[in-house]
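Undergrad:
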DNA sequence: TTGTAAGCGTTATCAG
DNA sequence: CTGATAACGCTTACAA
């Protein structure tokens, strides 16, 4: 009752006047122990609520049962949902998850990888900061034989498992869907062009138009920055004239919401005048009205898949390494009311 | 170069033909070592990129430098922002954060606490599941001398530091603000009455009205469930008649957003016809228009404060325990356009 | 079937 | 100033 002291194998061995190793075997070992002894030990262990000290085990077995996760920001729907997926898999396999944030700083990311390897994590799952363009901190982990899985923000410089979203297909499908609804003049409002997600989504948009023989109108592709006021201005200028698009593919959540608002200010009806499909990580956007059709990133799945691949690397030391890049598909939450059929 | 092997003190001692203990002292110890020896050791250590093995340290010092966090769901703005705050403080003080989710299950929460104590975490920060109404799993941690801090969802049964939000004051201030804008008929739309946040917020709302001599009209206090359709119906019935409130205090984010939408459907202008202030954890709600004035939970601060209190418990074994309950204030993101002044 | 001893990496105590 | 040695909790040859 209220032991103050955490029970160890030693305590058990003393009480039972057995050697430490016998107790250990009784608890863990296979056959080489008398049944009665085993039962005796196990009973007392249960009584005393004995739990093996994982730290001692780690020291001995040179593994920690901890996997590290480095993300830019935890407080971000995409990241936190991904972590939920990681946690799910890790938990079910007896691993623990330790979180680090890079705060979009390369430097901090490097420090984090060092801390992690010092901590002897069994593996690392990372989505790199947007500053990161060198990867020596990651290759040095691999040299130390710490397995690595990259997700979302990946790079070609590192050979390892990668989990990404098929942004191209997402934009392609969304665009095609609008085309099938009868839309011919679809705008694509997006962010800085140098980002790979921007490029992939744009290609998807363009290829869908091409497939359906719709010419690409460069003036319908708008790149904005993240400042709300300027974003609004860009969107507004596209929709002020009579000759305006009838639909939008919004490349990021914030743009999608600004579109909703600007269009309402312009007294345009959604979706009768303009239909919108936007990439969005925010579950709440489903309950917006005028309705926003959302392209959902499979965040939870990304986490799960990343964790599964990592545990494979950690536990199956067997196969010669053949790394894969898994592309996960998005889903569309189509709000009927946001996708008015043209004609 | 690509060492394959993680350097230990032993490696250094061999290379330098010194004893292990000398090396240890050189690295850590104070004066009792020759300057040259120390420098020699430290130089080689740096060269080899030696990092003390934290697992060995933990085993020796019976502490892990890990703090556990149990939350209902990571993928939830409130929780993830809080964790960000915890991580911030922990990181700066050399601690690591390991995350567990209870998924709102009492059983899983209990298992998590057991795992944590088996893991020898140095402390725990927890927001209990909504199923939890017994607290033996927490008191048993305290018995094992694992310090504990509770946040947001706390209980009176456990004696420890607690960090909560002053929901009462938040609702009071928001309501008073509306009154000062000239509103006399303010609705309070909220959720199930048995929840403590519901009660606190309602009291705040009511007391603000009382203070200003406005009678409380029970029919203006609406409890809804979480089903969107029913929520809409409740809201709608409140605003359909001519004799409708001129303002709303929305007790949770989802309600606030549904209010926006229902009011728009009813062709009511926001804020000219109805002003809205809603509790909201979602930063994106700031960019909604019609504008939503938001009551922001100090999530990041909650995390930071919790971590600070926990580290105090962990590190300052000095003072006789005197536990405090810290009440943090909310902030209001007042959107001018959502708070039309009456008359 | 059981016990002894070494080892995982580190620090602390105690001799030299 | 430096080097053995024990100890942290546990597993696992190897001996008995």
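Residue numbers (this note's numbering), protein chains in the order written: chain A, 10 to 352; chain B, 10 to 352.
All C-beta atoms in this analysis are idealised placements derived from N, C-alpha and C, irrespective of residue type, glycine included.
Can we say the stretch 284-293 of chain A touches the stretch 221-241 of chain A, given the rule of at least three CB pairs closer than 8 Å?
TA: These segments do not touch.
Undergrad: Which term fits residue 224 of chain A, buried or exposed, when burial requires 16 or more other beta carbons within 10 angstroms of its beta carbon?
TA: So residue 224 of chain A counts as exposed.
Undergrad: Using a Cβ distance threshold of 8 Å, determine whether the stretch 158-169 of chain A contacts the stretch 235-250 of chain A, with at least three qualifying pairs required.
TA: No, they do not touch.
Undergrad: As an exercise, report each continuous alpha helix (DSSP H) stretch of at least 4 residues that is fully enclosed by the stretch 285-316 of chain B, in chain order.
TA: Counting only runs of 4 or more, we get nothing.
Undergrad: Going along the chain, which unbroken runs of the beta strand (DSSP E) with 3 or more residues stay wholly within the stretch 44-84 of chain A?
TA: As far as the stretch 44-84 of chain A is concerned, its whole beta strand (DSSP E) runs of at least 3 residues are 75-80.
Undergrad: Using a threshold of 8 Å, is the CB atom of residue 156 of chain A nearer than that to any non-hydrogen atom of the ligand ATP?
TA: Here there are no bound small molecules, and the ligand ATP is not part of this structure.
Undergrad: Please report how far the alpha carbon of residue 77 of chain B lies from the alpha carbon of residue 80 of chain A, in whole angstroms.
TA: In a straight line, the C-alpha of residue 77 of chain B is about 18 Å away from that of residue 80 of chain A.
Undergrad: CB-CB under 7 Å to residue 206 of chain B, same chain, minus the five flanking residues each way: which ones, in chain order?
TA: For residue 206 of chain B, where only same-chain residues beyond five positions count, the Cβ hits under 7 Å are 176.
Undergrad: Just reading off the alpha helix (DSSP H) that residue 211 of chain B is part of, what are its end residues?
TA: Its alpha helix (DSSP H) spans residues 205-220.
Undergrad: Can you give me the C-alpha to C-alpha distance between residue 96 of chain B and residue 126 of chain A, rounded to a whole angstrom?
TA: Taking the straight line from one Cα to the other gives about 18 Å.
Undergrad: Using the three-state DSSP reduction, which class does residue 105 of chain B fall into: helix, strand or coil?
TA: Note: residue 105 of chain B maps to strand in three-state DSSP.
Undergrad: Which word fits residue 274 of chain A, buried or exposed, when buried means at least 16 other C-beta atoms lie within 10 angstroms of its C-beta?
TA: Result: exposed.
Undergrad: Taking only three categories from DSSP, how would you classify residue 186 of chain A?
TA: The answer is helix: DSSP assigns residue 186 of chain A an H, G or I state.
Undergrad: Classify residue 41 of chain A as buried or exposed, calling it buried when 16 or more other Cβ atoms lie within 10 Å of its own Cβ.
TA: Burial call: exposed.
Undergrad: Closer than 8 Å, Cβ to Cβ, to anything on chain A: give me those residues from the stretch 152-172 of chain B, in chain order.
TA: Here the close residues are 152, 153, 154.
Undergrad: Applying a beta-carbon distance threshold of less than 7 Å, which residues of chain B neighbour residue 24 of chain A?
TA: What residue 24 of chain A touches in chain B: nothing, since even the nearest Cβ is about 19 Å away.
Undergrad: Beta-carbon separation of residue 311 of chain B and residue 341 of chain B under 9 Å?
TA: No, the Cβ-Cβ distance between residue 311 of chain B and residue 341 of chain B is not below 9 Å.
Undergrad: Helix, strand or coil, according to DSSP, for residue 146 of chain A in the structure here?
TA: Three-state DSSP puts residue 146 of chain A in a helix.
Undergrad: Can you pull the DSSP bridge partners for residue 342 of chain A?
TA: According to DSSP, residue 342 of chain A bridges with A:303.
Undergrad: Consider the Cβ of residue 284 of chain A: report whether some Cβ of chain B lies at a distance smaller than 9 Å.
TA: By this cut-off, residue 284 of chain A is not an interface position.
Undergrad: What residues from the stretch 90-119 of chain A come within 7 Å of chain B, judged by C-beta to C-beta, listed N to C?
TA: From the stretch 90-119 of chain A, only 90, 92, 93, 96, 105, 106, 107, 108, 110 have a Cβ closer than 7 Å to chain B.
Undergrad: Considering only the alpha carbon of each residue, which of B:319, B:266, B:320, B:318 lies closest to residue 301 of chain B?
TA: Ranking B:319, B:266, B:320, B:318 by Cα distance to residue 301 of chain B puts B:266 first.
Undergrad: If the criterion is Cβ atoms closer than 9 Å, does the pair residue 174 of chain A and residue 158 of chain A meet it?
TA: Not closer than 9 Å, so no.
Undergrad: Taking residue 160 of chain B as part of the alpha helix (DSSP H), name the residues at either end of that continuous run.
TA: It is not in any alpha helix (DSSP H) - residue 160 of chain B instead sits in the beta strand (DSSP E) that spans 157-160.
Undergrad: Under 9 Å, do residue 101 of chain B and residue 138 of chain B count as touching if we go by C-beta distance?
TA: No; because the gap between Cβ atoms is not below 9 Å, this pair is not in contact.
Undergrad: Taking only runs that begin and end inside the stretch 105-130 of chain B, name each unbroken beta strand (DSSP E) of 3 or more residues, in chain order.
TA: The qualifying runs are 105-110.
Undergrad: Along the stretch 71-88 of chain B, what residues have a CB closer than 8 Å to any CB found in chain A?
TA: Per Cβ criterion, the list reads 73, 75, 82, 83, 84, 85, 86, 88.
Undergrad: When the Cα atoms are used, what is the spatial distance from residue 73 of chain B to residue 57 of chain B?
TA: Approximately 25 Å between the Cα atoms of the pair.
Undergrad: Identify every residue that forms a DSSP beta bridge with residue 197 of chain B.
TA: DSSP output for residue 197 of chain B lists B:230, B:258 as bridge partner(s).
Undergrad: Consider the Cβ of residue 65 of chain A: report whether some Cβ of chain B lies at a distance smaller than 9 Å.
TA: Taking Cβ atoms only, chain B reaches closer than 9 Å to residue 65 of chain A, which makes this a yes.
Undergrad: Cβ of residue 272 of chain A within 9 Å of Cβ of residue 261 of chain A?
TA: Not in contact: residue 272 of chain A and residue 261 of chain A (Cβ atoms no closer than 9 Å).
Undergrad: Against chain A, which members of the stretch 226-240 of chain B pass a CB distance test of less than 7 Å?
TA: Against chain A - using a Cβ distance shorter than 7 Å - the residues of the stretch 226-240 of chain B are 237.
Undergrad: Going by DSSP in three states, residue 334 of chain A sits in which element: helix, strand or coil?
TA: Three-state DSSP puts residue 334 of chain A in a strand.
Undergrad: Hey, residue 60 of chain A and residue 16 of chain A: beta-carbon distance below 9 Å or not?
TA: Contact flag set, yes.
Undergrad: Just to confirm my understanding: we take residue 344 of chain B, look at its own chain, exclude 5 residues before and 5 after, and list those with CB closer than 7 Å. What are they?
TA: Only 300, 301, 302 meet the Cβ criterion.
Undergrad: Shortest alpha-carbon distance to residue 242 of chain B belongs to which of B:270, B:187, B:34, B:94?
TA: When only C-alpha atoms are compared, the closest one is B:270.
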